[in-house]
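Take a look at the structure below.
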Amino acid sequence: MNTSSSNAPRASSNSSVMTFPRINASDSGAMRAMRPALIIAMIALLAACASPYRPGPAPAPAPTSPGPADSAPAAASRRPGDAGALPPALQRGKSRWVAVRWAELPGFEDDALHEAWNAWLKSCERPGPTFAPLCGDVRRLSIAAAEEQRSWMVTRLQPYRVETLQGSADGLLTSYYEPVLKASRQASGGYEVPLYRAPVALGGRKPWFSRQEIDTLPEARAALQGREIAWVADPIEAMSLHIQGSGRLQITEADGSQRVIRVAYAASNEQPFRSVVQWLQEQGEGRMVAPWVTSTKLWAARNPQRVQQLLWSNPRYTFFQEQPLSDFDAAFGPKGAQGVALTAGRSIAVDPGSIPYGTPVWLTSRGGAATLQKLVLAQDTGSAIVGGVRADYFAGTGAQAGEFAARVNQPLQLWVLWPK
């Protein structure tokens, strides 16, 4: 804080000179009558002056408007390491970053940082050049107390508020999850919806065949012959898996044994994505109740003759790769676009044109689904995750995570935490 402009009272402002009224000669009689009382008053005054001076609380400074890049509380509330001039704003592709004080980050003093540290350790498995020099400290601090982690962050990182190029800090938060589906290695017993590996000749045609063409054209079907990973029973659940991009299969093998595997995103046909919920609304079905998979399955049960039309309304198609799932792997989500496993509640998908992969980000969002104020890591992306202030929050694995994810559609603010 610049003390030269402080509103605290200066020493000279508390100084004053005490004066007494002049006594005229004509008032001498009155003066003699008042003399005893005056002597007593003077003695009391001298006793008061002999007491030590104890100043009262200084008046609060007059409120001032924050500067364009510093809307933090007063410097007295700042942590060590959060002082000095702020760096200039940065333009990062699709967004503008504005430097702020750490005190601007809502809830920073209260977050359970050890939960986010697991995600940070994952990012350090494949760090970019900007964050690689910090990974030694990140690993060392993985068993440190939250206060030590917090102090290190303040010392080494500079928060920047993420804004659109038009200057708005308000964005949109949605959420995604990892579905768990029952599946079979063979197309039998009601399991008739295939999940495919990418065709060998996928790169020879851009975009590749649409969802409807994959189901109907002999050329497309021939290209996918023998590329089946497994079959699932419900086409709506299969669509959900395509949209989420990865999931787990409780699979029955050809010999009757059962195990859990993961199918992860491998590629897409590069057709545009279209929401089936939006299509239903355009058909006059009204607002669908979350989670959309449940409400869409109920609609499909009432309209079996229109299910194929519903599925074909989204031309985008996802191809998968099978991955083994160890007990350790099962504790984390699938790998995101950064190439590291996602952490439930601590990983987000972003537009890499706004925020680079591996960046620690402070996220705050208030809405009907949740109030979130926490440290997260930018570790994934998605075809619908576009814009300067945009994030998709990884909720975890299974039905409960899916129900939460379906409800999240709420305002968002982001701060990137960039090395000083």
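The sequence shown begins at 1142 in my numbering and counts up one residue at a time.
Using N, Cα and C, we set each Cβ at its ideal position, and we do this for glycine too.
Just so you know, these numbers come straight off a predicted model, no measurement behind them.
At a cut-off of 3 residues, the continuous stretches assigned as beta strand (DSSP E) that sit fully inside the segment 1226 to 1281 are 1231 to 1233, 1236 to 1240. A straight-line Cα-Cα distance of about 20 Å links G1331 and W1440.
DSSP, read as helix, strand or coil, puts K1323 in strand. If you draw a straight line from the Cα of A1407 to the Cα of G1509, it is about 34 Å long.
Three or more Cβ pairs closer than 8 Å define a contact, and the segment 1353 to 1364 falls short of that threshold against the segment 1373 to 1392. Taking the Cβ atoms as the reference, P1320 lies roughly 6 Å from Q1385, within the contact range of under 8 Å.
Here the C-alpha atom of R1548 lies approximately 11 Å from the C-alpha atom of A1536. The C-beta distance from V1557 to S1264 rounds to 13 Å, too long to fall under 8 Å, and the pair is not in contact. DSSP links W1453 through a beta bridge to no other residue.
In this structure, DSSP gives R1548 a helical state, which the three-state scheme calls helix. Distance check between R1346 and each of S1409, L1322, Y1317, G1474 places S1409 closest, using alpha-carbon atoms only.
Straight-line spacing of the CA atoms in A1253 and L1275 works out to 20 Å. Counting the other CB atoms within 10 Å of its CB gives V1239 a total of 16 or more, which places it among the buried residues. The Cβ atoms of G1529 and T1305 lie closer than 8 Å to each other. Taking all protein chains in view, the Cβ of Q1307 is surrounded by fewer than 16 other Cβ atoms within 10 Å, so the residue is classified as exposed. The three-state reading of DSSP puts S1329 in coil, since its state is none of H, G, I, E or B. In this structure, DSSP gives F1414 a state outside helix and strand, which the three-state scheme calls coil. Per DSSP, the unbroken beta strand (DSSP E) holding P1335 starts and ends at 1334 to 1337. When the five nearest sequence neighbours on each side are left out, the beta carbons in the same chain lying within less than 7 Å of the beta carbon of H1383 are those of Y1458, T1459, in order along the chain. Taken through DSSP and simplified to helix, strand or coil, L1365 comes out as coil. Taking a contact to require three or more Cβ pairs closer than 8 Å, the segment 1490 to 1498 and the segment 1454 to 1473 do not qualify as touching. V1434 sits away from G1277, with the two beta carbons spaced by 8 Å or more.
Bridge pairing for P1359: absent [DSSP]. Within the same chain, Y1337, P1340 come within 6 Å of L1365 by CB-CB distance, once the 5 residues on both sides are set aside. Comparing alpha-carbon positions, the option among D1396, S1387, A1442, D1251 lying closest to Q1327 turns out to be D1396.
Counting along the chain, Q1446 sits inside no alpha helix (DSSP H), nor does DSSP assign it H or E at all. By the CB criterion at 8 Å, Q1520 and S1488 fall inside the cutoff.
Per DSSP, R1302 is one residue of the beta strand (DSSP E) stretching across 1298 to 1305. For Q1514, there is no enclosing alpha helix (DSSP H); the residue is found in the beta strand (DSSP E) stretching over 1512 to 1521.
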